[in-house]
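**Student:**
There are 2 protein chains.
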Amino acid sequence: MKRLRYHRVRSTSPDYIACLNQQDWPKLEQFVHDEVSHNGERIGISGYRKMLEKDFHEIPDLHFNIRLLISDPPRIASRLQFDCTPKGKFLGLDVEGKRVSFAENVFYEFRSEKIWQVWSVVDKVAIEAQL
Amino acid sequence: MKRLRYHRVRSTSPDYIACLNQQDWPKLEQFVHDEVSHNGERIGISGYRKMLEKDFHEIPDLHFNIRLLISDPPRIASRLQFDCTPKGKFLGLDVEGKRVSFAENVFYEFRSEKIWQVWSVVDKVAIEAQL
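Those sequence lines, one after another, are chains D and Y. Numbering-wise, this note's numbering puts 79 at position 60 of the first sequence, and it's gapless, one number per residue. Numbering-wise, this note's numbering puts 148 at position 129 of the second sequence, and it's gapless, one number per residue.
Encoded structure:
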């Protein structure tokens, strides 16, 4: 059972990341729980979608790359890598069209086979070092 | 075999964190590989120890709390929580004795049952929001 869940959770993650990269928002509900929380705040799937849409608006060439993926159901952790060009401010920094490279270390907890809790930290220090 | 490694890696982590909290530096070599890398830079165990000693110097009440621990040998991911009082600047911010609360999302990769690669991101954005 544990083994089955391991493979199911692990195989879901690349599909979820592909959904983000395709900005296929109607598909988001296949992966994300209605009552999803982000860093302890329950924002729901509509808030989650808005957050992602805002990210793609601010960073038109945003692309999620999975560097590390570790699975321990009902949780997953991933180190995501970004090489992108935020067009204005990003995390309060004047990036203004400069190409930057940074990571996000993120944990997902699943409930009913969907992402229910997200704890994310973006490496702002790495971005500052490139400006 | 996988199951055995899972339990070994998982049970090591609280002992490693206890070693940090006790600042028991001679014991560090039980947990950390001689050629450890931190965020892609090979700093070795002596550089790793110096980094930790600097952290405790800058934050005298530093204490590592494990919030999440997920195991997928040879890797582990942990969300660490800190409630502490950096005495001066911290991550370039003028914290200057203010109590702050923040997380670190960190991945460890083991080799020969010791920490060999560390990918860490500290939530600087959360600290800024408290200043």
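Here a beta-carbon is modelled for each residue, glycine too, at the ideal position from N, C-alpha and C.
Leaving out five residues before and five after residue 75 of chain D in sequence, what residues of the same chain have Cβ atoms less than 7 Å from its Cβ?
**Tutor:** By 1-based counting over the first sequence, the position of residue 75 of chain D is 56. Hits under 7 Å: 42 and 81.
**Student:** At least one CB of chain D closer than 8 Å to the CB of residue 90 of chain Y: is that the case?
**Tutor:** Indexing the second sequence from 1 puts residue 90 of chain Y at position 71. True, the Cβ-Cβ gap to chain D drops below 8 Å.
**Student:** For residue 147 of chain D, tell me which candidate among D:65, D:114 and D:34 has the shortest Cα-Cα distance.
**Tutor:** In the first sequence, residue 147 of chain D corresponds to position 128, counting from 1. Among D:65, D:114 and D:34, the Cα nearest to that of residue 147 of chain D belongs to D:114.
**Student:** Name the residue from Y:122, Y:89 and Y:149 whose alpha carbon lies nearest to the alpha carbon of residue 59 of chain D.
**Tutor:** Your numbering for residue 59 of chain D matches position 40 in the first sequence. When each option's Cα is compared against that of residue 59 of chain D, the closest is Y:122.
**Student:** Please decide whether residue 124 of chain Y counts as near chain D, where near means a Cβ-Cβ distance under 8 Å.
**Tutor:** Reading the second sequence from its first residue, position 105 is the one you call residue 124 of chain Y. Yes, residue 124 of chain Y lies at the interface with chain D (some Cβ there is under 8 Å from its Cβ).
**Student:** Express the C-alpha separation of residue 132 of chain Y and residue 44 of chain Y in angstroms, rounding to a whole number.
**Tutor:** As a working mapping, residue 44 of chain Y is identified with position 25 in the second sequence. As a working mapping, residue 132 of chain Y is identified with position 113 in the second sequence. So the alpha carbons of these two residues sit roughly 18 Å apart.
**Student:** Return the residue from the list D:138, D:31 and D:99 that minimises the CA-CA distance to residue 62 of chain D.
**Tutor:** Within the first sequence, numbered from 1, the residue matching residue 62 of chain D stands at position 43. Looking at the Cα atoms, D:138 is the closest of the given residues.
**Student:** Does DSSP put residue 124 of chain D in a helix, a strand or coil?
**Tutor:** Within the first sequence, residue 124 of chain D is the residue found at index 105, counting from 1. The answer is strand: DSSP assigns residue 124 of chain D an E or B state.
**Student:** Please work out which residues of its chain come closer than 6 Å, Cβ to Cβ, to residue 90 of chain Y, disregarding the five sequence neighbours upstream and downstream, and give them in chain order.
**Tutor:** In the second sequence, the residue the question calls residue 90 of chain Y occupies position 71. The answer, listed in chain order, is 25, 28 and 29.
**Student:** For residue 74 of chain D and chain Y, any beta-carbon pair shorter than 8 Å?
**Tutor:** On the first sequence, position 55 is the one that residue 74 of chain D refers to. Residue 74 of chain D does not count as touching chain Y.
**Student:** Note the first and the last residue of the continuous beta strand (DSSP E) segment covering residue 144 of chain D.
**Tutor:** Within the first sequence, numbered from 1, the residue matching residue 144 of chain D stands at position 125. Run containing residue 144 of chain D: none in the beta strand (DSSP E); it sits in the alpha helix (DSSP H), 143–147.
**Student:** Note down, in chain order, each residue of its chain lying with its Cβ closer than 7 Å to the Cβ of residue 36 of chain Y, except the 5 sequence neighbours on either side.
**Tutor:** Sequence index remark: in the second sequence, residue 36 of chain Y carries index 17 (1-based). Answer for residue 36 of chain Y: 83 and 85, listed in chain order.
**Student:** At a CB-CB cut-off below 8 Å, which residues of chain D make contact with residue 98 of chain Y?
**Tutor:** Start at 1 with the first residue of the second sequence, and residue 98 of chain Y comes out as number 79. Going along chain D in sequence order, the residues near residue 98 of chain Y (Cβ under 8 Å) are 126 and 138.
**Student:** Counting only the same chain and skipping the five closest in sequence on each side, list residues whose C-beta sits under 6 Å from that of residue 141 of chain D.
**Tutor:** Working through the first sequence from its first residue, we reach residue 141 of chain D at position 122. Counting only Cβ-Cβ distances below 6 Å, and skipping sequence neighbours, we find 123.
**Student:** Please list the partners that residue 94 of chain D has in chain Y, where partner means a Cβ-to-Cβ separation under 8 Å.
**Tutor:** In the first sequence, the residue the question calls residue 94 of chain D occupies position 75. For residue 94 of chain D, the residues of chain Y that pass the 8 Å Cβ criterion are 87 and 89, in the order they occur in the chain.
**Student:** Looking at the structure shown, is residue 101 of chain D part of a helix, part of a strand, or coil, going by DSSP?
**Tutor:** Here residue 101 of chain D refers to the residue found at position 82 when the first sequence is read from its first residue. Strand at residue 101 of chain D.
**Student:** Residues of chain Y with CB under 9 Å from residue 112 of chain D, in chain order?
**Tutor:** Within the first sequence, the letter at position 93 stands for residue 112 of chain D. None at all; the shortest Cβ gap to chain Y is about 10 Å.
**Student:** Near residue 102 of chain D, what residues of its chain come up, given a Cβ to Cβ distance below 6 Å and the 5 sequence neighbours on each side ignored?
**Tutor:** Stepping through the first sequence from its first residue, residue 102 of chain D is reached at position 83. Excluding positions up to five away in sequence, the list reads 120.
**Student:** Going along chain Y, which residues have a C-beta under 9 Å from residue 133 of chain D?
**Tutor:** Within the first sequence, numbered from 1, the residue matching residue 133 of chain D stands at position 114. The contact set of residue 133 of chain D on chain Y, defined by CB atoms closer than 9 Å, is empty, because the minimum CB distance reaches about 18 Å.
**Student:** When DSSP builds the beta bridges, which residues end up paired with residue 88 of chain D?
**Tutor:** For the purposes of this step, residue 88 of chain D is taken as the residue at position 69 of the first sequence. Answer is D:97, bridged to residue 88 of chain D.
**Student:** For residue 72 of chain Y and residue 50 of chain Y, what's the separation of their Cα atoms in angstroms?
**Tutor:** Position 53 of the second sequence holds residue 72 of chain Y. Position 31 of the second sequence holds residue 50 of chain Y. When rounded, the distance between both Cα atoms is 16 Å.
**Student:** In chain order, what residues of the same chain have a beta carbon less than 7 Å from the beta carbon of residue 38 of chain D, not counting five sequence neighbours either side?
**Tutor:** Your numbering for residue 38 of chain D matches position 19 in the first sequence. The answer, listed in chain order, is 46, 47 and 50.
**Student:** Where does residue 99 of chain Y land, buried or exposed, given buried means 16+ other C-beta within 10 angstroms?
**Tutor:** On the second sequence, position 80 is the one that residue 99 of chain Y refers to. Classification for residue 99 of chain Y: buried.
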